[in-house]
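Enquirer:
4 protein chains.
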Amino acid sequence: MTDNIFAEDYGRLIVQGADQPGIVSRVSTVLAEHGANVVALDQTTSDPSGGQFFQRTVFHLPELSVKREALADALDQSLVDDLGLSYRLVEAKRQKRVAILVSKSDHCMLDLLWRQRRGELRMTVPMVISNHPDLGDDVRQFNIPFFHVPVEKNNKEAAEKEHLNLLKGNVDMVVLARYMQVLSGDFLGEIGVPVINIHHSFLPAFMGAGPYQRAKDRGVKLIGATAHYVTEDLDEGPIIEQDVIRVSHRESTREFQRRGADVERSVLSKAVSWHCDDRVIRDGNTTVVF
Amino acid sequence: MTDNIFAEDYGRLIVQGADQPGIVSRVSTVLAEHGANVVALDQTTSDPSGGQFFQRTVFHLPELSVKREALADALDQSLVDDLGLSYRLVEAKRQKRVAILVSKSDHCMLDLLWRQRRGELRMTVPMVISNHPDLGDDVRQFNIPFFHVPVEKNNKEAAEKEHLNLLKGNVDMVVLARYMQVLSGDFLGEIGVPVINIHHSFLPAFMGAGPYQRAKDRGVKLIGATAHYVTEDLDEGPIIEQDVIRVSHRESTREFQRRGADVERSVLSKAVSWHCDDRVIRDGNTTVVF
Amino acid sequence: MTDNIFAEDYGRLIVQGADQPGIVSRVSTVLAEHGANVVALDQTTSDPSGGQFFQRTVFHLPELSVKREALADALDQSLVDDLGLSYRLVEAKRQKRVAILVSKSDHCMLDLLWRQRRGELRMTVPMVISNHPDLGDDVRQFNIPFFHVPVEKNNKEAAEKEHLNLLKGNVDMVVLARYMQVLSGDFLGEIGVPVINIHHSFLPAFMGAGPYQRAKDRGVKLIGATAHYVTEDLDEGPIIEQDVIRVSHRESTREFQRRGADVERSVLSKAVSWHCDDRVIRDGNTTVVF
Amino acid sequence: MTDNIFAEDYGRLIVQGADQPGIVSRVSTVLAEHGANVVALDQTTSDPSGGQFFQRTVFHLPELSVKREALADALDQSLVDDLGLSYRLVEAKRQKRVAILVSKSDHCMLDLLWRQRRGELRMTVPMVISNHPDLGDDVRQFNIPFFHVPVEKNNKEAAEKEHLNLLKGNVDMVVLARYMQVLSGDFLGEIGVPVINIHHSFLPAFMGAGPYQRAKDRGVKLIGATAHYVTEDLDEGPIIEQDVIRVSHRESTREFQRRGADVERSVLSKAVSWHCDDRVIRDGNTTVVF
Chain A
136 MTDNIFAEDY GRLIVQGADQ PGIVSRVSTV LAEHGANVVA LDQTTSDPSG
186 GQFFQRTVFH LPELSVKREA LADALDQSLV DDLGLSYRLV EAKRQKRVAI
236 LVSKSDHCML DLLWRQRRGE LRMTVPMVIS NHPDLGDDVR QFNIPFFHVP
286 VEKNNKEAAE KEHLNLLKGN VDMVVLARYM QVLSGDFLGE IGVPVINIHH
336 SFLPAFMGAG PYQRAKDRGV KLIGATAHYV TEDLDEGPII EQDVIRVSHR
386 ESTREFQRRG ADVERSVLSK AVSWHCDDRV IRDGNTTVVF
Chain B
136 MTDNIFAEDY GRLIVQGADQ PGIVSRVSTV LAEHGANVVA LDQTTSDPSG
186 GQFFQRTVFH LPELSVKREA LADALDQSLV DDLGLSYRLV EAKRQKRVAI
236 LVSKSDHCML DLLWRQRRGE LRMTVPMVIS NHPDLGDDVR QFNIPFFHVP
286 VEKNNKEAAE KEHLNLLKGN VDMVVLARYM QVLSGDFLGE IGVPVINIHH
336 SFLPAFMGAG PYQRAKDRGV KLIGATAHYV TEDLDEGPII EQDVIRVSHR
386 ESTREFQRRG ADVERSVLSK AVSWHCDDRV IRDGNTTVVF
Chain C
136 MTDNIFAEDY GRLIVQGADQ PGIVSRVSTV LAEHGANVVA LDQTTSDPSG
186 GQFFQRTVFH LPELSVKREA LADALDQSLV DDLGLSYRLV EAKRQKRVAI
236 LVSKSDHCML DLLWRQRRGE LRMTVPMVIS NHPDLGDDVR QFNIPFFHVP
286 VEKNNKEAAE KEHLNLLKGN VDMVVLARYM QVLSGDFLGE IGVPVINIHH
336 SFLPAFMGAG PYQRAKDRGV KLIGATAHYV TEDLDEGPII EQDVIRVSHR
386 ESTREFQRRG ADVERSVLSK AVSWHCDDRV IRDGNTTVVF
Chain D
136 MTDNIFAEDY GRLIVQGADQ PGIVSRVSTV LAEHGANVVA LDQTTSDPSG
186 GQFFQRTVFH LPELSVKREA LADALDQSLV DDLGLSYRLV EAKRQKRVAI
236 LVSKSDHCML DLLWRQRRGE LRMTVPMVIS NHPDLGDDVR QFNIPFFHVP
286 VEKNNKEAAE KEHLNLLKGN VDMVVLARYM QVLSGDFLGE IGVPVINIHH
336 SFLPAFMGAG PYQRAKDRGV KLIGATAHYV TEDLDEGPII EQDVIRVSHR
386 ESTREFQRRG ADVERSVLSK AVSWHCDDRV IRDGNTTVVF
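As they're listed, the protein sequences go chains A, B, C and D. This note's numbering applies: residue 136 is where the first sequence begins, and numbers increase by one. This note's numbering applies: residue 136 is where the second sequence begins, and numbers increase by one. This note's numbering applies: residue 136 is where the third sequence begins, and numbers increase by one. This note's numbering applies: residue 136 is where the fourth sequence begins, and numbers increase by one.
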């Protein structure tokens, strides 16, 4: 696969809904009728009879920006009106705007900023927000604005309001890169864009606080990390990616934290990358990752 | 994905050839016109401009056996005549007939026979052939015929002839499950079905004889195994699957062999499974595995 | 490491207890004074100040069987009396006698029996016991006695008694190779030998019944298996080994079961192998695995 | 294991040589006689009869700096004179001085510098040298000197001389963090400290230039990276660490490079970390890694 697919005139069409005969054919036909050539297609169904259908199509369409509206009209009719499906139509050249929220640990944030600078992540980072001032210098070396928004026990609501002021309308996604504050349901409802979190355990094991210490106490032989969409239920949102590494009796909890940090940053970077490329589709409380 | 896709009235269509706009749409249209519903679709191209196109489609078509010929006629016209592509059309219910060739090591063969008995591999095993008599009892406990065909240095040609007599027309694939004899180009040409081999190294490292000893001497930290289609060039055929495990200074060459055997049987079983389900498409000296 | 270390005149000494300066030196001295040569030594401490000390030493001592008693007397004095440690002294040539309990799934049991036949597991298998008759033929093909002991809801106590009659005095360990019955605390107390179980999830995630279905519902991206010593608390005993494989939305719960079976048999075989070689030392509810 | 073992009064003793009965005991005795307490001990032998013996011991000895000379004298007599072994005695608090050589790719270098800053690598970095000016700013943000030493085809000897002027006496190790120049045998002889390189393939597969392209052409299903000590024979020195990741037909050579970069930085950081902690012992053209 070449890198062209992130350039001008490349589009992505995400279709999902109740499975029924003929969806793939209908999508192909609409795209072909508008002059679009399918470059890559992934499709799955949770169950051939009565399940959910998911399709991600990458296509090339000369003058996509101009023709986009006409294509959308046709999709509205063919997919939404006729088949009762939903879809998203995305121009590949339009990178998602991603805000990073962070506390004191730098590893996940730096990995995202490095990869963004290297061109590995198709996203822009309009701002980093932290409840601590510590990482300001690191962030600004990437020419990215850093905002310090303290969160204290009795000012939580005010802090969330300040976050909303900074974020709303400015970003397409929020990433919690080891941000050690719980976001309220109100905030999640208000923000209106997906929020991805990295949890430092192999969920659903060790939900909540102190997972490395609990992993040490339980004597597990693998530790891991999980990237998931944030929902009101802490650590229970749809999982995007997970990975593990092997540990042994030789390692202290501190060593678990150090080595686990490598898994955390790797897992989070993958999840963010896939989300930015519209590879992740939510299916109830699970995800399809193409 | 349910297991229905291996039942009556499910088909698989494998399409490949020079990439060009509209192939996905054309395939969808032909299938839809004949009443087939796409259940799963995988598609890729080696390069959007000037590359090779590959598509594997699983579909459901009531009375497939009856309608197969008409569908094939339409595909001949749409895909072969119009677009210059090639295709294979397979009824899922028709399991491949697989002969296993083996020498003295039982691990790869037993793993295949166990999995076949458990229903994990969609294949039948009409025979096992060995150049040694040792594994006869093990094979026959699975109610599978075992043929002992000795291969000595000066009777190689005669032995290959005997193999051909046993195999030709009776099998759709041959699996070399640690069969320690090199097959001649003549044999491969004559047999006319794919032959899969397991090599006990991570190719292209340690091609040829004694890979574990050479891995030990070189001091590698991972050892592996590779399943590939057999071509005239020993250990150089298209790779289907590879895997590795971690080793250390603590382990002797003997221990490499023991632990490597686990990788060999796992890798070979996967490769055979994928081939049986028509998931592997050859692309020159490489493979696309859907 | 050669295979000699499982032969005549090789011994294993396992030492554990409150850490304190000089243990390694003391052990070395006692062994040297009795003419034993250290072949391999693994040692760890949970915390240099106030932690637990663990050491496994493999040594060669000509006429070990004859000199064993004198060596034990010296260890009693040096390690137990003087330092308050405990130890186990094992002759490597004496293989552990292992009973396998199984229900209907054959994969874990077959893997153990096959590895034992190949000489990969240093153990003998005096019997296999099942609450179902299904696997009798498979077991007896390995020339191993198979006993069918049905367990019904209202005869559980009687069944456990029958198990005890068969097992007590005849085995050094019991392996639950997908045995789908919970053993009572009374039984565990009575049997007096270690019991190893394989649980089909990555503990502590998905304890209890139906882990694959729950993994599917939760949308995890990795599934796994855990081998642990059995205690009264179901699925909460000390973990010996765990491993995972990657899964995706494409796979059904049934497919999780199939692919998970590969992890189960691999993890259980490793745990049993390490236990047989006295590589596993219990440390409260965790294990040290050398 | 706590982090104390890198502090004042902790020492490391590395012993190697022809295996013979009683080495472990002799080492323990010498240490005990000087008041040292063994905190961790790893030991192995390539073959109990006629092989090479290796032992790494971490010990605590109050006033180590003062007592070090007396301990060394005793080791000279006990191990060198009596048993013909060689040893290294290291104070844990003395961090190794490591120079990094780099070209244009930043990923390996940044990972090392960042881990060093976090305290994960027990080393200091007195300088980074590059044959290109590009990474100067990145290096200096870590408060580390950056020297630009161009290497052109006809000034290679002069450039190596300049390198030697900068390095000799100032560093205990050199790390080639994707440094795209071959070092001459003369340079390696002159520099007199270990040099570690990261090669972007799973050695011995794809030695030399362009490994990702060759991996793509060969159609391998895993790509990897290898950290090794540099010898005169390019890519043939003793391997310290290797790892791999899974790839597929979907990925271009460019994508191999991107994803491979993650393996490169991870493998190199591990190798450097282990070397800094004296965990790596050379054994001919292989390594023992404790």
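Using N, Cα and C, we set each Cβ at its ideal position, and we do this for glycine too. Model, not experiment: these values are computed from the prediction.
Can you list, in chain order, the residues of its chain whose CB lies under 7 Å from that of Ser319/D, leaving out five sequence neighbours each side?
Expert: So the list reads Glu295, once near-sequence residues are dropped.
Enquirer: Taking all protein chains shown into account, decide if Asp216/A is buried (16 or more other Cβ within 10 angstroms of its Cβ) or exposed.
Expert: It is exposed - the Cβ of Asp216/A has fewer than 16 other Cβ atoms within 10 Å.
Enquirer: Checking the sheet assignment: what are the DSSP bridge partners for Asn172/D?
Expert: His195/D, per the DSSP bridge assignment.
Enquirer: Tell me the DSSP secondary structure of Tyr347/A in three-state form.
Expert: Reduced to three states, the DSSP call for Tyr347/A is helix.
Enquirer: Under the rule that 16 or more other beta-carbon atoms within 10 Å means buried, what is Glu168/D, buried or exposed?
Expert: That one is exposed.
Enquirer: With a CB to CB cut of under 6 Å and the five nearest residues on each side skipped, what residues in its chain are close to His242/C?
Expert: Correct list, in chain order: Ala396 and Arg400.
Enquirer: Just checking: is the beta-carbon of Gln155/D within a distance shorter than 8 Å of some beta-carbon in chain A?
Expert: It does not; no Cβ of chain A falls within 8 Å.
Enquirer: With distances taken between CB atoms, is the gap from Gln151/B to Ser265/B smaller than 8 Å?
Expert: Not in contact: Gln151/B and Ser265/B (Cβ atoms no closer than 8 Å).
Enquirer: Taking DSSP's pairing of strands, which residues face His334/A in a bridge?
Expert: Beta-bridge pairing links His334/A to Thr361/A.
Enquirer: Is it right to say Gly185/B is buried, meaning 16 or more other beta carbons lie within 10 angstroms of its own, or is it exposed?
Expert: Looking at its Cβ environment, which holds fewer than 16 other Cβ atoms inside 10 Å, Gly185/B is exposed.
Enquirer: Leaving aside the five residues before and after Glu198/D along the sequence, list all residues of the same chain whose C-beta is less than 8 Å from its C-beta, in chain order.
Expert: If we look at Glu198/D and ignore the five residues flanking it on each side, its Cβ neighbours are Asp144.
Enquirer: Counting only Cβ pairs nearer than 9 Å, list the residues of chain D close to Val173/C.
Expert: Those are Pro156, Gly157, Ile158, Val159, Ser160 and Gln178, listed as they occur along chain D.
Enquirer: Can you tell me whether Lys303/C is buried or exposed? The criterion is at least 16 other CB atoms within 10 Å of its CB, across all chains shown.
Expert: It counts as exposed.
Enquirer: Judging by CA-CA distance, which residue of Arg313/C, Arg147/C and Glu376/C is the nearest neighbour of Glu226/C?
Expert: Ranking Arg313/C, Arg147/C and Glu376/C by Cα distance to Glu226/C puts Arg147/C first.
Enquirer: Tell me which residues share the same chain as Asn420/C and place their Cβ nearer than 6 Å to its Cβ, disregarding the 5 neighbours each side in the sequence.
Expert: Counting only Cβ-Cβ distances below 6 Å, and skipping sequence neighbours, we find Pro373.
Enquirer: Can you tell which of Ile358/A, Ala340/A and Val355/A has its C-alpha closest to the C-alpha of Arg353/C?
Expert: It is Ala340/A.
Enquirer: Can you give me the start and stop residues for the beta strand (DSSP E) that Met244/D sits inside?
Expert: Note, Met244/D: premise wrong, no beta strand (DSSP E); alpha helix (DSSP H) at His242 to Arg253.
Enquirer: Taking only the alpha-carbon atoms, compute the straight-line gap between Asp272/B and Gly254/B and give it to the nearest angstrom.
Expert: Their Cα atoms are separated by approximately 22 Å.
Enquirer: I'd like to know if Glu376/D contacts chain A, where contact means its C-beta is closer than 8 Å to some C-beta of that chain.
Expert: Glu376/D does not count as touching chain A.
Enquirer: Which residues in the same chain have their Cβ closer than 8 Å to the Cβ of Ile331/C, if we skip the five residues on either side of it in sequence?
Expert: Contacts found: Met308, Val309, Val310, Leu311, Ala362, His363, Tyr364, Val365, Ile375, Leu403, Ala406, Val407 and His410.
Enquirer: What residue does the beta strand (DSSP E) around Ala297/D start on, and which one ends it?
Expert: The sequence as given places Glu at residue 297/D; Ala does not occur at that position. Counting along the chain, Glu297/D falls outside any beta strand (DSSP E), though it belongs to the alpha helix (DSSP H) covering Lys291 to Leu302.
Enquirer: Name, please, each residue of chain B whose Cβ falls closer than 8 Å to the Cβ of Thr164/A.
Expert: What Thr164/A touches in chain B: Ser160, Ser163 and Thr164.
Enquirer: With DSSP run on the structure shown, which of helix, strand or coil describes His430/A?
Expert: Residue coverage of chain A in this structure runs from 136 to 425, which leaves residue 430/A outside it and unanswerable.
Enquirer: What in chain D is Cβ-close to Arg385/B, meaning under 7 Å?
Expert: Chain D residues near Arg385/B: Thr179.
Enquirer: Nearest to Ala153/C by alpha carbon, out of Lys351/C, Phe189/C and Tyr314/C?
Expert: Out of Lys351/C, Phe189/C and Tyr314/C, Phe189/C has the C-alpha closest to the C-alpha of Ala153/C.
Enquirer: Just grab the DSSP bridge partners of Gly372/D for me.
Expert: Gly372/D pairs with nothing; no bridge assigned.
Enquirer: DSSP has Glu143/B in a bridge; who is on the other side?
Expert: None, per the DSSP bridge assignment.
Enquirer: Roughly how many angstroms lie between the CA atoms of Glu386/B and Trp249/C, to the nearest whole one?
Expert: For Glu386/B and Trp249/C, the distance between alpha carbons rounds to 22 Å.
Enquirer: In its own chain, which residues sit with a C-beta less than 6 Å from the C-beta of Met136/C, not counting the 5 before and 5 after it?
Expert: Any reading at Met136/C must be qualified, since the residue scores a pLDDT of 47, below 50, and its modelled position is unreliable; the value itself is stated next. Counting only Cβ-Cβ distances below 6 Å, and skipping sequence neighbours, we find nothing.
Enquirer: Given that a residue counts as buried once 16 or more other Cβ atoms are within 10 Å of its Cβ, and exposed if not, what is Glu379/A?
Expert: Residue 379/A is actually Val in this sequence, not Glu. When all chains shown are included, Val379/A counts as buried.
Enquirer: Given a limit of 7 Å on CB to CB distance, which residues of the segment 340 to 367 of chain C reach chain D?
Expert: Taking 7 Å as the Cβ-Cβ cut-off against chain D, none of the residues of the segment 340 to 367 of chain C qualify.
Enquirer: Let me make sure I understand the geometry here. Which of Lys351/D, Gly343/D, Ser336/D and Gly345/D has the alpha-carbon closest to that of Gly359/D?
Expert: The shortest C-alpha separation from Gly359/D is found at Ser336/D.
Enquirer: For Ser319/B, which of helix, strand or coil comes out of DSSP?
Expert: Coil at Ser319/B, not helix or strand.
Enquirer: Say whether chain B places a C-beta atom closer than 8 Å to the C-beta of Ala167/A.
Expert: Closer than 8 Å: yes.
Enquirer: Using CA coordinates, which residue listed in Thr164/A, Gln348/A, Val382/A and Phe141/A is at the minimum distance from Arg496/A?
Expert: Here chain A comprises residues numbered 136 to 425, so residue 496/A is not present and cannot be evaluated.
Enquirer: Work out the CA separation of Asp413/C and Ile149/A for me, nearest whole Å.
Expert: Approximately 55 Å, taken between the alpha carbons.
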